[in-house]
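So the sequence shown is residues 540 to 805, counted in my numbering.
Even for Gly, the Cβ is constructed at its ideal location relative to N, Cα and C.
Read the structure below first, then the notes.
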Amino acid sequence: MLRRRRRTPKPIPPQPSAPGAPRSRRRARPDAPVPPELLLRPERKATPPRAADEVVLVTGFEPFGGEAMNPSWEVCGRLPRTIAGLRVEILRVPCVFRRSIEVVTAAIEASRPTRVICLGLAPGRTHVGVERVAINVDDARIADNAGGRPIDEPIAGDGPPAYFATLPVKAMVAAIRAAGVPAEVSNSAGTYVCNHLMYGVLHFLATRGIRARAGFIHVPYAAEQALDRRDTPSIPLATMAAGIEAAIVAAQRNARDVKLAGGALD
């Protein structure tokens with residue numbers, strides 16, 4: 540009688556499996572498709588959420604007074620997205636009494652910045668001016684973009700006569716000058732919409748108990764605006780943007796202002 544030879548089973552190559560799972564005795568076919576939902580993937584540890592970045596809100600005005608552009612807003616668009624660890628949020632502000640304050644304070648409530656730096660145009664100035672103080676009065680030489688022209692009116696009827704900027708003004712001036720941009724401390728933000736906005740923002744922060752630090756910077760005409768204006772002071776937009784970036788760095792790094800002479804005789 541012939542006996543059949545017993546076949547020795549071929550060894551099954553090891554298959555990857557989850558710890559503790561029973562091993563399959565079926566041979567793997569290299570060309571067999573495996574549904575994605577059946578693939579075993581190693582467990583991933585959950586990544587803890589990152590803390591929200593600190594924000595600096597930088598605002599610039601729309602054109603006014605018949606100008607085709609406003610360098611304060613153009614400078615905003617040239618700033619990096621992050622400066623000194625701060626996420627930069629920019630906002631275009633209407634050159635309108637009252638409405639300008641409403642737009643900026645709504646943005647403050649939405650983005651919760653730790654720094655607020657408002658920019659505005661000061662035609663005729665030769666230097667970037669970091670404003671020291673805003674006064675509680677509107678006295679418009681020309682109408683705003685909505686036709687409003689308040690004269691000798693308080694910005695806040697129950698507000699103090701003035702607010703000082705809560706940013707390190709002199710440290711910012713020094714930083715702008717170190718970046719190669721002419722800059723000075725300004726002791727008057729005027730009585731138009733720029734002063735109106737500076738006072739309104741500081742009053743809002745003070746009355747709401749919001750700890751963000753805020754201030755205002757005036758910029759001259761951009762060089763692009765002065766091409767056909769003889770003897771008109773101006774600074775190129777890229778140069779002003781470099782100065783404002785340096786000012787933001789100083790505002791972030793200086794908890795206290797520096798002691799430098801910054802007064803004016805006029």
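Do you know whose CA, among P662, V614 and S611, lies nearest A765's CA?
P662
Counting along the chain, where does the alpha helix (DSSP H) carrying I694 start and finish?
Element bounds for I694: n/a, residue is neither H nor E.
Beta-carbon contacts of R688 that lie in its chain and below 8 Å, excluding the five residues immediately before and after
A679, I681 and A682
How many Å lie between V797 and V643 at the Cα?
28 Å
Segment contact, 8 Å Cβ cut-off, at least three pairs: the region 608–618 with the region 703–720
no
Could you round the C-beta distance between V758 and V667 to whole angstroms and report it? I think they count as a contact, below 8 Å.
6 Å
Just tell me which of S639, V597 and E606 has its CA closest to the CA of C733.
S639
Which of helix, strand or coil does DSSP assign to S725?
strand
So does the region 691–700 actually touch the region 776–790, counting three or more Cβ pairs closer than 8 Å?
no
Does the Cβ of E784 lie closer than 7 Å to at least one heavy atom of the ligand MN?
What this structure holds is no ligand at all, so the ligand MN is not there to describe.
Beta-carbon contacts of A803 that lie in its chain and below 7 Å, excluding the five residues immediately before and after
N726
Is it the case that the Cβ atoms of H742 and D677 are separated by a distance below 8 Å?
no
Buried or exposed, going by whether 16 or more other CB atoms sit within 10 Å of the CB of I690?
exposed
Contact set for V655: own chain, Cβ-Cβ below 7 Å, skip 5 residues either direction
L596, I647, V740, A751 and A753
Going by the CB atoms, is the gap between T665 and P721 shorter than 8 Å?
yes
Residue ranges of each alpha helix (DSSP H) within the region 590–644, 4 or longer
610–616
Give me, in chain order, the residues of the same chain whose beta-carbon lies closer than 7 Å to that of R651; leave out the 5 immediate sequence neighbours on both sides.
V594
Pick out the complete beta strand (DSSP E) segments inside the region 663–722, 3 residues or longer, and give them in chain order.
667–670, 672–674, 690–692 and 701–703
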